[in-house]
Amino acid sequence: MSDNKIKPLELPDDQQKIHTAAVAAAVAVPFYLVLWQLFVAFGRANIFGFGGGPAVIPLIQQEAVENFKWLSTEEFTDALAMGNALPGPIATKMAAYVGYKIAGISGATSALLGTVVPTAVAMLALAGLYFKYKDAPQMVGMLKAVRPVVVVLLVQTAWDMGVKSFPIPVTWIIALIALVAVFQFKLHPIILIVSSMLYGLFFLAR
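Okay, here's the thing in structure tokens:
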């Protein structure tokens, strides 16, 4: 008879040490329930992550570290560092990482669905209301009131990132060059990102 329990991922011996008791605890949970927990955890974190991006990180940490104990704090920090080093939204990268660590490809798929589906449904519902009532005074008033809040959230995100983005004087020079390149010369952001990474690779590596 086939076992309906989740199986731990097969890892080389030199990687087994990064597996924690959290994964071992998940072995006793039925596989379908683990998939549902991943969907709920990431769906809950993202649906309440107003502002997106960095705003959702503490909620994901609450679910993965505190609620379900899938990761230790140190593992979560390492995963976040890896995610920030790669392109794309941090929420989907964290979902793929945690889901794969706990339940392989199926777990990653479930966590990604939890990240995308609930917020996509909410956005479609809101878009339907917007297109239907976009000229109504009430809708215009709501959008006028919410735009300043969105700007504040973006400023907060920029501030939080900026605090850790200028550890040495040369980073200020890089930022100034990027500012001029974007606003004065309309240089494509991808060119700036690749150029700065190459500069860091050859001149800032320790």
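In this note's numbering, the protein residues as written are 891 to 1096.
Idealized CB from N, CA, C, for every residue including glycine.
Buried or exposed (CB count within 10 angstroms, at least 16 for buried), residue i
i       : result
THR963  : exposed
TYR922  : exposed
GLU956  : exposed
TYR1023 : exposed
ASN974  : exposed
PHE966  : buried
ALA1035 : exposed
GLY939  : buried
VAL946  : buried
Chain-order list of residues whose beta-carbon lies under 6 Å from that of residue i (same chain, five-residue window excluded)
i       : result
ILE1063 : none
LEU863  : No statement about residue 863 is possible, as the shown extent of the chain runs from 891 to 1096 and does not include it.
MET984  : ILE950, GLY973
LEU1077 : ALA1071
MET1029 : TYR1023
Collapsed DSSP secondary structure at residue i in the structure displayed
i       : result
PRO1008 : helix
PRO1059 : helix
LEU961  : coil
ALA1026 : coil
ALA998  : helix
beta-carbon residue i near the ligand SAH non-hydrogen atom, thresh 7 Å
i       : result
LYS1076 : As far as ligands go, the structure on display features none, and thus does not contain the ligand SAH.
Closer than 8 Å to chain D by CB, residue i
i      : result
GLY978 : Among the chains of the structure shown, chain D does not appear; only one protein chain is present.
Contacting residues, own chain, Cβ-Cβ under 8 Å from residue i (five flanking each side not counted)
i      : result
THR999 : GLY989
PRO926 : The amino acid at residue 926 is misidentified as Pro; the sequence shows Trp. Hits under 8 Å: SER1000.
THR982 : LEU1002, THR1005, VAL1006
### Message
Three Cβ pairs or more, each shorter than 8 Å: is that satisfied between the stretch 1046–1059 and the stretch 1071–1087?
### Response
no
> Would you call the stretch 1003–1013 and the stretch 929–937 touching, i.e. three or more CB-CB distances under 8 Å?
Replying inline: yes
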